[in-house]
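Report on the following structure.
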Amino acid sequence: MKKESQQNSEHDFKQLEKDKIIERQLRFQDLLISVSTTYINSDLSDIDKLIRESLQQIGEFVECDRSYIFNYDFVNNTTSNTYEWCAKGIEPEIQNLQNIPVDYITQWINAHKNGEAFYVEDVSQLPEDGEMGLRAVLEPQGIKSLITIPKIKNNELIGFIGFDAVKKINKYTENEKDILFVFANMLVNVIQRKENEERIKAQKKKKEELLQSLSLQNEELNEYAHVVSHDLKAPLINIHTLVGWFMDDHKDTLSETDLIPLHQVLFNVEKMDFLIKGILDYSTIDKLESEDKQVNFNTLVHEVIQTLLVPNHISITIQDNLPSILGNPWRFKQVFQNLIQNAINYSDKDNSLIEVGFTENSDHYEFFVKDNGVGIKPEYFERIFKVFTKLESTSSSSGIGLSIVKKIITYYKGNIWLESQEGSGTTFYFTLLKT
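If you count by UniProt numbering, then the sequence shown holds residues 1 to 435, one letter each, in order.
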C-alpha cells in the first residue's frame, strides 16, 4: 500500500511538471502572438523602439539577462551587434561587439549556415581552446549559458538573435527553440518591411523631384520658345518686306532668272514663319488659362474651314450631328485645322474628298478626318506625330502640326492613331471623353 502511494505521488509530480511545461509553452506562444500583432499593426515609424521592446519581452520570458541581434558581414568576415536589451544590473556589451571577426565564433557560424540554433548550456564546460577560442570570448562577458538563432532572409544567412544567461544557467526545450526560430523570422520580416517602406519612400521622393525638375525644364523651354520665336519674327517680317519692295521696285528690269532666288528667299521666310508659329502653338497648348466651355463641334469645324485655303478640286463634307464637348475652343480648332490642312496638303486626285465625322461610344466620342490622297507608308505611322517630322520638304509646312494635334489629344486624355494605304488615302482617328 505504501509503495502504491509513493508511485501515485511520483506520477502526480511528473504530471504536474508536464502541466507546467505545457502551460509555459502556451504562455510563450501567446507572447509571440502578441509581439506579432504589434509588428503587424505598427506603422514602423520607430522600428528601433519596437525591436528593443520585443527583445525585452522575449528576454524576460525566457529568463535571460541579455538579448540581442547581430548582423553578419561575410564580405569582411565580421559580425556586429545592432540591438541589445539588458536586464537590470547587467552591463551592456553592444559597444564592445562591433566588427567582431567571425573566426572567433566558427562553431555557431557553422550551425547557423545549416539553419540550426547554436546552444551552449554551460559555458564553463567548453574546452580551453586559447584566447581566440569561444570560451575566451564568452566568459569575459560573464555568460554562463547562451542560445543563438540564425536570421535567414531569402534563403540567405544575414545574422542571428541571441539570449545570454549571466546570473544562472538557462535551459531551453526543443519547443522553446522552435518558438525562438519563429521570433527570429518575425524580426527579419519586420525589418524587411521597414526596408521596403524606406525604399518606396525614397523612390517616391526621387520621382517627385524628377517631376518637379521636368516641370521646371518644360516651363523654361516654353518660355525660351516664346522669347526666341518672338525675337525671330521681327527680322523675318523685315526680310519679307524688303525683298517684296525690291521685287516691286525692279519688276521691269528683273528677268525670270533673276526672280528665282528672290522667290526662294520669300518661300523660306514663309516656311520659317510657319515654323515659328508652330513652335509657339505647341508650347502654348497646356498653358492656356482661359476657362473651358461647351464647344459645338459643327460650328467649330465650319469656322476652321473658313480660315483655310481650300482648292476647288477638293470637297469637304462634315457630319451634321457632331457633338458638343467641354473644353478650350482654341485647342479644338488646332486639332481640326491641322488635320484638315494635312489632308489638303496631301490630296493628289482631280476630285479629292475630305470627310469629317464621328461615332459615339459609352464613355467617349471617336472622331475621324478621312481623305483619299496619297496615303502614308506604315513606317511613318508613329514618326509623323513627332515634332518637325514631314513626309516631304517641298512645302512651307512646319512639320509641327500633327505633333500639336497629338499633344492636345493627350492633354484631354484621349488617343490618336491612323489608318492609311498608299495611293488610296488616310484616316486619322482620335478620341475625346464625354463631358
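Even for Gly, the Cβ is constructed at its ideal location relative to N, Cα and C. These numbers were taken from a predicted model, which means no experiment stands behind them.
DSSP, read as helix, strand or coil, puts T435 in coil.
A contact is defined here as three or more CB-CB pairs under 8 angstroms, and the region 141-150 fails this definition with respect to the region 21-40. Boundaries cannot be given for A87, as no alpha helix (DSSP H) includes it and DSSP labels it neither H nor E. In this structure R66 is in contact with I90, their Cβ atoms being roughly 6 angstroms apart against a cut-off of 8 angstroms. The continuous stretches of beta strand (DSSP E) do not include Y411, which lies in the alpha helix (DSSP H) extending over residues G401 to Y411. Under the 8 angstroms Cβ criterion, the region 147-160 does not count as touching the region 197-212, having fewer than three qualifying pairs.
For the pair E198 and K204, the Cα-to-Cα distance works out to about 10 angstroms. Distance check between Y83 and each of V75, N96 and F74 places N96 closest, using alpha-carbon atoms only.
Given a length threshold of 4 residues, each whole run of the alpha helix (DSSP H) inside the region 37-118 is given here in chain order: 47-61 and 106-113. Comparing C-alpha distances from T431 to each of G414, E422 and G423 shows the shortest one belongs to G414. For F381, no pairing in a beta bridge is given by DSSP.
Taking C-beta atoms as the reference points, Q319 and F358 count as a pair closer than 8 angstroms. Scanning T426, S255, N154 and R383 for the CA closest to the CA of S403 turns up R383.
For N296, there is no enclosing alpha helix (DSSP H); the residue is found in the beta strand (DSSP E) stretching over K293 to N296.
A distance below 6 angstroms between beta-carbons, with the five flanking residues on each side excluded, links A184 to the following residues of its chain, in chain order: I149, K151 and I161. Taken in chain order, the unbroken stretches of beta strand (DSSP E) that lie wholly in the region 152-203 and span 3 residues or more are 156-165.
Per the coordinates, the alpha-carbon of I58 lies some 17 angstroms from the alpha-carbon of I47. Rounded to the nearest whole angstrom, the CA to CA distance from H302 to L339 is 14 angstroms. With a contact defined as Cβ atoms closer than 8 angstroms, C64 and A165 qualify at about 5 angstroms. Rounded to the nearest whole angstrom, the C-alpha separation of L308 and T410 is 25 angstroms. Between the region 70-81 and the region 165-183 there are fewer than three inter-stretch CB-CB distances shorter than 8 angstroms, so the stretches are not counted as touching. The continuous stretches of beta strand (DSSP E) do not include Q141, and DSSP gives it neither H nor E. Taking the Cα of L353 as reference, the smallest distance to any Cα among H250, V369, S255 and L26 is reached at V369. Ranked by how close their Cα comes to the Cα of G115, the residues L138, D178, E93 and K386 have D178 in first place.
Taking the CA atoms as reference points, T106 sits about 28 angstroms from E60.
Separation of the CB atoms of F297 and I325 is rounded to 7 angstroms, and the pair is thereby assigned contact status at 8 angstroms. The Cβ atoms of Q337 and V310 lie no closer than 8 angstroms to each other. Taking every protein chain shown into account, the CB of K406 has 16 or more other CB atoms within 10 angstroms, so this residue is buried. DSSP links S420 through a beta bridge to T426. Put simply, of D122, N155 and N81 the residue whose alpha carbon is nearest the alpha carbon of K113 is N155.
Under the 10 Å beta carbon count, T79 is surrounded by 16 or more other beta carbons and is classified as buried.
Per DSSP, reduced to three states, the secondary structure at L214 is helical. Per the coordinates, the alpha-carbon of I94 lies some 48 angstroms from the alpha-carbon of S215. Bridge partners of H364 according to DSSP: L433.
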